[in-house]
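K.L.:
Here you go, one structure.
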Ligand SMILES: [Ca+2]
């Protein structure tokens, strides 16, 4: 009988609405929690990062400067390091790539040179990049100090290239394509 009284009915309706509201708030909080977890997973997921840790992204590629991170190596050992990380010693194809590298080199206090993926040990004087392309195809620069015993090119901070003894120890620069689709430059 009490339940049918107008006052009680009103109270019951009010309670039900209050319950609905509480349930909705609870649902929103759960949803928020789920979204937070999702965001946390995404941002901590290495697949969502453009480059591995300590690699630098530029125009769809990842670059690794060994300076301050690894002991200096001979040219061939440097190349091996890159291959081991699914990369190669850098092949400088464009001006903007060279500028990116030079800009990075300026930030390191001590970086006399970097081993790069350019050699002439197949044929003296025929400088070839690791991908088989020739030096003169895309840049005016010549490799200075070349001789029969200097078959590995090093890159200086001012962008110039020098021939060096491949057995010398130095820092190096690896390069690989960034494999995440988000890393592609916007067109
Ligand atoms: Ca040479």
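Residue numbers (the UniProt record's numbering): 1 to 187.
Backbone N, C-alpha and C fix where the C-beta goes; we use that ideal spot for every residue, glycine too.
#1: By DSSP, does residue 92 sit in helix, in strand, or in coil?
#2: Rounding to the nearest angstrom, what Cα-Cα distance links residue 172 and residue 112 in this structure?
#3: Among 19, 87 and 74, which residue has its Cα nearest to the Cα of residue 151?
#4: By the 10 Å Cβ neighbour count, where 16 or more other Cβ atoms means buried, how is residue 110 classified, buried or exposed?
#5: Please state the DSSP three-state secondary structure of residue 144.
#6: On the DSSP bridge list, what partners appear for residue 154?
#7: Whether or not the stretch 88 to 108 and the stretch 54 to 61 are in contact is what I'm after, with contact meaning three or more pairs of Cβ atoms, one per stretch, closer than 8 Å; do they touch?
#8: Ligand 1 heavy atoms versus the CB of residue 117: any closer than 8 Å?
#9: My guess is that residue 119 and residue 153 are in contact by the Cβ rule of under 8 Å, so how many angstroms apart are they, rounded?
P.N.:
Taking the structure as given:
#1: In the chain shown, residue 92 corresponds to position 92, counting from 1. Coil at residue 92, not helix or strand.
#2: Working through the chain shown from its first residue, we reach residue 172 at position 172. Working through the chain shown from its first residue, we reach residue 112 at position 112. Distance between the alpha carbons of residue 172 and residue 112 is about 11 Å.
#3: The residue labelled residue 151 in the question sits at position 151 within the chain shown. Looking at the Cα atoms, 74 is the closest of the given residues.
#4: The residue given as residue 110 occupies position 110 in the chain shown. That one is exposed.
#5: Reading the chain shown from its first residue, position 144 is the one you call residue 144. Residue 144: strand per DSSP, three-state reduction.
#6: Within the chain shown, residue 154 is the residue found at index 154, counting from 1. Answer by DSSP bridge pairing, in chain order: 115 and 162.
#7: yes
#8: The residue given as residue 117 occupies position 117 in the chain shown. False, no ligand heavy atom lies under 8 Å from that Cβ.
#9: Position 119 of the chain shown, counting from 1, holds the residue named residue 119. Position 153 of the chain shown, counting from 1, holds the residue named residue 153. Yes, they are in contact, since the Cβ atoms of residue 119 and residue 153 sit about 7 Å apart, within 8 Å.
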